[in-house]
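Reading through the structure tokens given below for one structure.
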Amino acid sequence: MEALDFFTAVLLLATLLCALVAGFLFAFAVVAMPGIRDLSDGAFIQAFQGMDRIIQNNQPVFMLV
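Anchor point for the sequence shown: position 21 equals 241 in our numbering, and the numbering is continuous, going up by one each time.
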């Protein structure tokens, strides 16, 4: 019975983390992408390079993912 409880806890944690990631992706698609949709190709690339720089240099937690 204890293994079932552990399995249930792991399954619940995995489900919640998947929902969290889906929420982040949905928020990005709804908020960020429409804001940069009208940019030119060069400006679009610069915007994403700027976001990548911030993530790589200032957010070491993203390097673990």
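Virtual Cβ for every residue (Gly too), placed ideally from N, Cα, C. Only a predicted model underlies this, so the values are computations on that prediction, with no experimental measurement involved.
In the DSSP annotation of this structure, the continuous segment of the alpha helix (DSSP H) that includes residue 264 starts and ends at 261-278. Residue 264 is not a Cβ neighbour of residue 275, given a cutoff of 8 Å. Taking the CA atoms as reference points, residue 236 sits about 22 Å from residue 251. Assigned with DSSP and collapsed to three states, residue 258 falls in coil, not helix or strand. In this structure, residue 249 keeps its C-beta atom at 8 Å or more from the C-beta atom of residue 259.
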